[in-house]
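In this text, residue positions in the sequence shown follow this note's numbering: the first is 4, and each later residue adds one.
Even for Gly, the Cβ is constructed at its ideal location relative to N, Cα and C.
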Amino acid sequence: MWKKFQKNIIAGIIFLLPAIATIYVIQFLFGLIDAFLGSFITDLLKALNIITTEDGRIYFLGVYTPFSERLLGIGFILTIPLITWVGAMRIQGKGVRIWGTIDRSFRKIPIANSIYTSVEQVIHAFAQERSSFKNVVLVEYPRKGLYTVGFQTGESRGEVQRVTSKGCINIFLPTTPNPTSGWLVLVPRDEVILLDMSVEQGLKFIISGGVVVPPDPGSISEEIETDIDEKNMIVRVRSRRKGENNE
Numbered sequence: 004m005w006k007k008f009q010k011n012i013i014a015g016i017i018f019l020l021p022a023i024a025t026i027y028v029i030q031f032l033f034g035l036i037d038a039f040l041g042s043f044i045t046d047l048l049k050a051l052n053i054i055t056t057e058d059g060r061i062y063f064l065g066v067y068t069p070f071s072e073r074l075l076g077i078g079f080i081l082t083i084p085l086i087t088w089v090g091a092m093r094i095q096g097k098g099v100r101i102w103g104t105i106d107r108s109f110r111k112i113p114i115a116n117s118i119y120t121s122v123e124q125v126i127h128a129f130a131q132e133r134s135s136f137k138n139v140v141l142v143e144y145p146r147k148g149l150y151t152v153g154f155q156t157g158e159s160r161g162e163v164q165r166v167t168s169k170g171c172i173n174i175f176l177p178t179t180p181n182p183t184s185g186w187l188v189l190v191p192r193d194e195v196i197l198l199d200m201s202v203e204q205g206l207k208f209i210i211s212g213g214v215v216v217p218p219d220p221g222s223i224s225e226e227i228e229t230d231i232d233e234k235n236m237i238v239r240v241r242s243r244r245k246g247e248n249n250e
């Protein structure tokens, strides 16, 4: 009885943990961002006489609000145009000196630099290197019988193509859990196994150390078949997995 209870509670935790963690992170970020800008914007609106306080309550343009310390959510909402403005500045190449100073400052802080660098590497893997990867592949590496997940970056040409006398593919083999580092291998085309998973799924698979396994579209895809019985005016609809024989 106790073992069954343990098994059920562990299964429940595993199932609910991703949703709980997601809600917690969203709530934490909302509270952090809103508290950071919300109080400042509320004080600014007070100075402009846009909002007033009476009996510990905030009135926005004379309209009663249920808030007492700040206008809840206004800091988070105004963060969106702020982030958009920063992104536009970066894309246009403006404020290079300011962004460089901010970057160097975070890298010099003893503990924060490791967090800053790690987050930067993960974002770099998803946002930039993703565009360089064409397909997710499997190669037998470092020896026959062992498979490694990699990304196709292109086809071997020039001197490499001439020396090998084979049609080779450039494969980047990333490391776990940091996919920004790795090494390049040139593999003959007939020894490369192309996978159906997307680059994003491949990156998640590598970063998680194989914990996050992408679904197999070949095993879950189904085909819908219809069988019309004209005599009895019945239409039968059934689904079957691709590759399943009709017998």
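- With a 10 Å radius around its C-beta and 16 neighbouring C-beta atoms as the bar for buried, classify G103 as buried or exposed. exposed
- Item | Cβ neighbour criterion (16 or more within 10 Å) applied to V190 | buried
- Name the one or two DSSP bridge partners that Y62 has. T55 and Y67
- Item | Other residues of its chain near K49: CB distance less than 8 Å, five sequence neighbours each side excluded | T55 and T56
- With DSSP run on the structure shown, which of helix, strand or coil describes I112? coil
- Determine, using beta-carbon pairs with one atom in the region 168 to 178 and one in the region 187 to 206, whether at least three such pairs fall under 8 Å. yes
- Message: Quick test of the definition: if touching needs 3 or more C-beta pairs under 8 Å, does the region 195 to 212 touch the region 134 to 147?
- Response: yes
- Is L74 near G41, with beta carbons less than 9 Å apart? yes
- Query: Helix, strand or coil: which one does DSSP assign to Y119?
  - Reply: helix
- Roughly how many angstroms separate the alpha carbons of P84 and L197, rounded to a whole number? 41 Å
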